[in-house]
Amino acid sequence: MHGPNLNLLGIREPDIYGRETLEAINLRLVATARAAGVKLDAFQSNHEGVLVDRVQQAKADGVGFIVLNPAAFTYSSIALRDALTAVQIPFIEVHLSNIHAREPWRAHSHFTAVAVGSVLGLGSRGYDLALEYAIARLTAR
Ligand code: DQA
């Protein structure tokens, strides 16, 4: 699940966020999941309420794990955090950039304390690593 402006990956400040497009990242993640026998739905929105609705829908759909880059909502969205704690679906918080090495106001995330864990600063590899963890957890018996 990708938050606002991540649809612009590839052209958005590539020195910070890389040159890969969101579509390329999603295709790779879907392929990895499929090879592991896990279904992955990729979703991006620029709208807070749409993301909240999607998290609520995830519960109804029986989603077992979420990999989330809240993007700028990291710093503002109590609603999205509350949705995640409401549905009690475990999630990993991913940021392409190291939010602790940038402007001081980027360092505090509303999500970190309720996430299983977080992956920061590893570019799009962070999504792969989070997915690897999710797959291991979902397929463990
Ligand atoms: C981001 C970091 C945030 O500070 C920023 O608002 C984003 C992207 C990242 O992936 O590095 O939109 O979440």
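In this text, residue positions in the sequence shown follow my numbering: the first is 360, and each later residue adds one.
The C-beta atom is built at its ideal place from N, Cα and C for all residues, glycine as well.
Fair warning: this is a prediction, and the values are worked out from it, not measured in the lab.
#1: Give the straight-line distance between the Cα atoms of A383 and A445, rounded to the nearest whole angstrom.
#2: How about R465: is its Cβ closer than 7 Å to a heavy atom in the ligand DQA?
#3: Any heavy atom of the ligand DQA inside 7 Å of the beta-carbon of T433?
#4: State the DSSP-derived secondary structure class of Q403, mapped to helix, strand or coil.
#5: Identify whether H361 lies in helix, strand or coil by the three-state DSSP scheme.
#6: Could you tell me which residues DSSP pairs with V453 in its beta bridges?
#7: Please name the residue, chosen from Y376, I370, A472, that lies closest to G482 on a Cα-to-Cα basis.
#8: Going by C-alpha to C-alpha distance, which of H467, H459, G476 sits closest to L427?
#9: Determine the extent of the alpha helix (DSSP H) in which L381 is found, giving its start and end residues.
#10: Is it the case that the CB of L410 approaches a heavy atom of the ligand DQA more closely than 7 Å?
#11: In the DSSP assignment, find the unbroken beta strand (DSSP E) run with I458 in it and report its ends.
#12: Using the Cα positions of L490 and S468, report the straight-line distance between them to the nearest angstrom.
#13: With DSSP as the reference, label L497 as helix, strand or coil.
#14: Just reading off the beta strand (DSSP E) that V426 is part of, what are its end residues?
Taking the coordinates as given:
#1: Straight through space, the alpha carbons of A445 and A383 are spaced by roughly 31 Å.
#2: yes
#3: yes
#4: strand
#5: strand
#6: V478
#7: Measuring from the Cα of G482, the nearest candidate turns out to be Y376.
#8: G476
#9: 381-394
#10: no
#11: First-last for I458: undefined, no H or E at that position.
#12: 21 Å
#13: helix
#14: Per DSSP, the unbroken beta strand (DSSP E) holding V426 starts and ends at 425-427.
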